[in-house]
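Novice:
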Amino acid sequence: MSNPRILLLGPPGAGKGTQSRNVVETYGVDHITTGDALRANKDVETDYGKPREYMDKGELVPDPVVNEIVVAALEDADGGFVLDGYPRNLSQAEFLDEHATIDVVPLLDVGREELIRRLTGRRVCPECGATYHVAFDPPETTDVCDECGSALIQRDDDTEETVRERLSVYEENTAPLIEFYEERGLLARVDGEGTPEEVWHDLRLTIEDALATGGQ
Ligand code: ADP
Ligand code: ADP
Ligand code: ZN
1057 MSNPRILLLG
1067 PPGAGKGTQS
1077 RNVVETYGVD
1087 HITTGDALRA
1097 NKDVETDYGK
1107 PREYMDKGEL
1117 VPDPVVNEIV
1127 VAALEDADGG
1137 FVLDGYPRNL
1147 SQAEFLDEHA
1157 TIDVVPLLDV
1167 GREELIRRLT
1177 GRRVCPECGA
1187 TYHVAFDPPE
1197 TTDVCDECGS
1207 ALIQRDDDTE
1217 ETVRERLSVY
1227 EENTAPLIEF
1237 YEERGLLARV
1247 DGEGTPEEVW
1257 HDLRLTIEDA
1267 LATGGQ
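Dropping the structure here:
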């Protein structure tokens, strides 16, 4: 299959952004990530207020706002895509069903305590989007991006309190999608607790497997 359509599922901090970079490099697909798109437009007024009002509390931004972002991105993604951070509830999944075909839904499995460690130690580059971790994946120079030299920042929502809220929002709204994609025969569990390289090894095999047997 030349233009894979991959939906990467997993809780906040599971490594979706980190692994999406590998998927993009290997398959040349578009990275569609509602989180990045919303962060770039945090203070834009929508019919539902500013995205910031939801994001800084760890709540979901209303469906019409994110659905619109995704439809526009899908229209440009002729060469396949990796979806990261969308859908996050059943109504978004049903909306996506009407707008795209998905080949495989890898689920990155990571335990709660590890997610909290990963999110509270995450540092990101505001310029190029590279992601680091103070302990698990530090940049060469503290707080400086290896890729572009910019000063790294901590996301507003990567504080312990907001992280806990985001994990409950995931359990309540997003976890039901596991069953949704299982019923469609698309779900493939991947152990997300190893090193980034180990996870990528397993994820890549999962994708290759799914693409080789696709359409059966
Ligand atoms: P998500 O997009 O699912 O929220 P990220 O890819 O941003 O997750 O990863 C969350 C944090 O965990 C980042 O700081 C990242 O550097 C770190 N991280 C990602 N994958 C791993 C891994 N396999 N082991 C340890 N830390 C990881
Ligand atoms: P992570 O995967 O690390 O939790 P994201 O960058 O994907 O974080 O999302 C950050 C925030 O952006 C979410 O907590 C939520 O407020 C908002 N957001 C991102 N994607 C969606 C979505 N599909 N639906 C609703 N809100 C979203
Ligand atoms: Zn950078």
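Residue numbers for the sequence shown follow our numbering, beginning at 1057 and rising by one.
Backbone N, C-alpha and C define an ideal beta-carbon position, used for all residues, glycine too.
1. Who are the Cβ neighbours of A1149 in its own chain at under 6 Å, not counting the five residues just before and after it?
2. According to DSSP, A1207 sits in a beta bridge with which residue or residues?
3. Around the C-beta of Y1188, are 16 or more other C-beta atoms found within 10 angstroms, so that it is buried, or is it exposed?
4. Figure out for me which residue from L1063, R1240, V1138, D1265 has the closest Cα to the Cα of G1084.
5. Applying the 10 Å Cβ sphere with the 16-neighbour rule, what's the burial state of A1266?
6. With burial defined as no fewer than 16 other Cβ atoms inside 10 Å of the residue's Cβ, what is the status of G1071: buried or exposed?
7. Can you list, in chain order, the residues of its chain with a C-beta nearer than 8 Å to that of D1119? Leave out the 5 residues immediately preceding and following it.
8. Enumerate in chain order the residues of its own chain whose CB-to-CB distance from G1136 is below 8 Å, with the five nearest sequence positions on each side excluded.
9. Provide the residue span of the alpha helix (DSSP H) that contains D1265, from first to last.
10. So, with DSSP's three-state summary, where would you put F1137?
11. Measuring CB to CB, does L1163 end up less than 9 Å from Q1075?
12. Following a CB-centred definition, is K1072 positioned closer than 8 Å to any heavy atom of ligand 2?
13. With DSSP as the reference, please indicate the residues paired to P1162 in a beta bridge.
Specialist: In short:
1. Around A1149: P1143, L1233, F1236.
2. Partner(s): V1200.
3. Y1188 is buried by the Cβ-count criterion.
4. Checked all of L1063, R1240, V1138, D1265; the closest Cα to G1084 is V1138.
5. Counting Cβ neighbours within 10 Å, A1266 comes out buried, since at least 16 surround it.
6. Taking a 10 Å sphere around the C-beta of G1071, we find 16 or more other C-beta atoms and assign the residue as buried.
7. Hits under 8 Å: N1145, S1147, Q1148, F1151.
8. Cβ neighbours of G1136 within its own chain (closer than 8 Å, five residues either side excluded): S1058, N1059, P1060, R1061, I1062, Y1083, G1084, V1085, D1086.
9. Note, D1265: alpha helix (DSSP H), 1252-1268.
10. It is a strand residue.
11. No.
12. With a threshold of 8 Å, the Cβ atom of K1072 counts as near ligand 2, since some heavy atom of the ligand is closer than that.
13. DSSP lists A1244 as partners of P1162.
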